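A.B. asks:
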Amino acid sequence: MVHGAIPSAYKYNFWAERPGDAQEPAVVELTCLMPNGVVIPFEINRNITLDQIKEDLWDEASKYPLHGTLKDAPSYVFSCINSNAEVEELRDETRRLCDIKPFCSVLKVIEREGIKSDRNLDSQIGLLIGKGLHEFAALKNSEVNDFRWKMRLLGDDVALGRQKRSWTEKVHYQFPSRIAPVPIVPKNIETRLKDGHIVLVTKFENSE
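In this text, residue positions in the sequence shown follow full-length UniProt numbering: the first is 1, and each later residue adds one.
1) Could you check if A16 is buried or exposed, using at least 16 other CB atoms within 10 Å of its CB as the buried criterion?
2) Please determine, among K164, I100, M34, P74, the residue with the shortest C-alpha to C-alpha distance to R152.
3) Label K116 either buried or exposed according to how many other C-beta atoms from any shown protein chain fall within 10 Å of its C-beta, with 16 as the threshold for buried.
4) State the DSSP-derived secondary structure class of P41, mapped to helix, strand or coil.
5) Would you say L107 and L30 are within 8 Å of each other, going by their C-beta atoms?
6) Under 8 Å, with one C-beta from each stretch per pair, do the region 31-41 and the region 95-107 reach the 3-pair mark?
7) Leaving out the 5 sequence neighbours to the left and right, which residues in its chain are closer than 7 Å to N145 when beta-carbon positions are compared?
8) In its own chain, which residues sit with a C-beta less than 7 Å from the C-beta of R192, not counting the 5 before and 5 after it?
9) On a CA-only basis, which of I100, L97, G132, F78 is nearest E113? Give me that one, please.
10) Does DSSP put K194 in a helix, in a strand, or in coil?
11) Report the three-state DSSP secondary structure of S166 (helix, strand or coil).
12) If distances are taken between C-alpha atoms only, which option among P181, P183, R162, I179 comes closest to Y173?
13) Pairs of beta-carbons, one from the region 51-63 and one from the region 79-89, closer than 8 Å: are there three or more?
14) Which one or two residues does DSSP pair with R148 in a beta bridge?
15) How would you label Y76, buried or exposed, when you count the other beta carbons within 10 angstroms and need 16 or more for buried?
16) Checking the sheet assignment: what are the DSSP bridge partners for K108?
17) Within its chain, find whatever has a CB closer than 8 Å to the CB of V38; leave out the 5 residues flanking it on each side and keep chain order.
18) Span of the alpha helix (DSSP H) holding E113?
19) Kindly indicate which residue of E89, R96, L90 has the alpha-carbon position closest to the one of residue 212.
Here it is in structure tokens:
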């Protein structure tokens, strides 16, 4: 049996020690277990939040194999073994790493439950772009997934902004005015006038 120094992250009192001590610096080595089977270790500040960790992790994951099999980052959440020796799913990504205190400084990336795509919306988008969204999913390209996620957020922001408009603004947007906002008759209309008047021809159904 080979004996060696135990990494500080594996000590039982690792998170109990204060940052800045000689034995415990502010930067710790975090190990992340990815859903594609890749283990990614990297050093990170112990006071960083989970959303910042996820952003740095996805940048680091691009340097490893099987990166293309990952979905966009918001599709996953972290889980860990907490100080009570229980598996905890970390849905609140504003929490700091030092507050969570994962056992052995290990975080597992799992797919977020409850995410169901709107099939009707996907179908409408597919008709607009002339290509089914399932074809993009089959590519397993993280850049494509990230772009689609950002465009969906942009669409949600635009829709939310329109909902906050007044009823008159909604009417003008839904039914834009086609009347020229000037008192002078445009030339293309003036040439169609008969003795300075607009002639309307009305035809009723079932009549000659």
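Each residue gets a CB set at the ideal place from its N, CA and C atoms; glycine is no exception.
Keep in mind it's a predicted model, so treat the numbers as computed, not measured.
C.D. replies: Looking at the atomic coordinates:
1) A16 should be labelled exposed.
2) Across the set K164, I100, M34, P74, the C-alpha of P74 shows the shortest separation from the C-alpha of R152.
3) Here K116 scores only 46 on pLDDT, less than 50, and its place in the model is too uncertain to base an answer on.
4) If DSSP states are grouped into helix, strand and coil, P41 belongs with the strands.
5) Their beta carbons are under 8 Å apart, which means L107 touches L30 by this criterion.
6) Taking 8 Å as the limit for Cβ pairs, the verdict is that the region 95-107 does touch the region 31-41.
7) Same-chain partners within the cutoff: K71, D72.
8) Excluding positions up to five away in sequence, the list is empty.
9) Among I100, L97, G132, F78, the Cα nearest to that of E113 is on F78.
10) Here K194 carries a strand assignment [DSSP, helix/strand/coil].
11) In the structure shown, S166 falls within a coil segment according to DSSP collapsed to helix, strand and coil.
12) The shortest Cα separation from Y173 among P181, P183, R162, I179 belongs to R162.
13) Verdict: no, contact absent.
14) Residue pairing for R148: DSSP places it in no beta bridge.
15) Y76 is buried by the Cβ-count criterion.
16) Note: K108 sits in a beta bridge opposite L33, S79.
17) A distance below 8 Å between beta-carbons, with the five flanking residues on each side excluded, links V38 to the following residues of its chain, in chain order: A61, Y64, P65, L66.
18) Note, E113: premise wrong, no alpha helix (DSSP H); not H, not E.
19) Any property of residue 212 remains undetermined from this structure, which presents the chain solely from 1 to 208.
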